[in-house]
Amino acid sequence: MRSSLAVKIDDIERNVGLDAAMLIEFSHLAMKICTIVGVPMCLVMCPTHFWLGGMPADMVDSLSRIGMANIAVERTWLYWLHACVIWLVTLVVEHLIWTAKESFLERRFRWLRAMPAPRSTSVLVHNIPARYCSDGELKAFFCRMFPPEVVHEV
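First residue of the sequence shown? That's 1 in UniProt numbering, and the numbers climb one at a time after it.
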């Protein structure tokens, strides 16, 4: 277990490929989100529901005592607390996802730049409209969409 945690994403990418490295990185992101969001929610919100919810113990089951089902009608301020917590969770998760996306894009572009041509410069096209089903028409279309010097072969 310890040795698998010590493996670097760059080593995974080099030995197994970018897709496998990104799968591991996605798993790391999911664990980070669960830790950053889940631990404070369990340590703060669950006791808040349990102690400040206000419902009689015989009205809710044991598991609901730590959830929103334990909030009594006269304790509406707890719903406002939830609204603030949800905004905080949203901002934190959004930040983590954008950071992971930036890291992924840097890694992806580096991977594409290192790939040899023609593999790095080829595009697979499918569901081509009937009017572009000839090589000449398809090349003319791509030359209209992109600078003609980048379209080498169709």
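Each residue gets a CB set at the ideal place from its N, CA and C atoms; glycine is no exception.
A check of alpha carbon separations from A6 across L138, I24 and L96 identifies I24 as the nearest. Shortest Cα-Cα distance from V92 to any of V125, P40, L105 and H49 involves P40.
When only Cα atoms are considered, M22 and M145 end up about 31 angstroms apart.
Judged by beta-carbon spacing, N15 lies beyond the 7 angstroms limit of H49, meaning their Cβ atoms are not closer than that value. Setting aside the 5 residues that flank it on each side, C46 is surrounded in the same chain by I66, each with a C-beta closer than 6 angstroms to its C-beta; the list follows chain order.
Taking C-beta atoms as the reference points, M55 and A72 count as a pair closer than 7 angstroms. V150 and T99 have their C-alpha atoms spaced approximately 32 angstroms apart. In this structure, the alpha-carbon of L29 lies about 45 angstroms from that of E137. Counting only the Cα atoms, V123 lies some 15 angstroms from P148.
The alpha-carbon of F141 is positioned some 13 angstroms away from that of H152.
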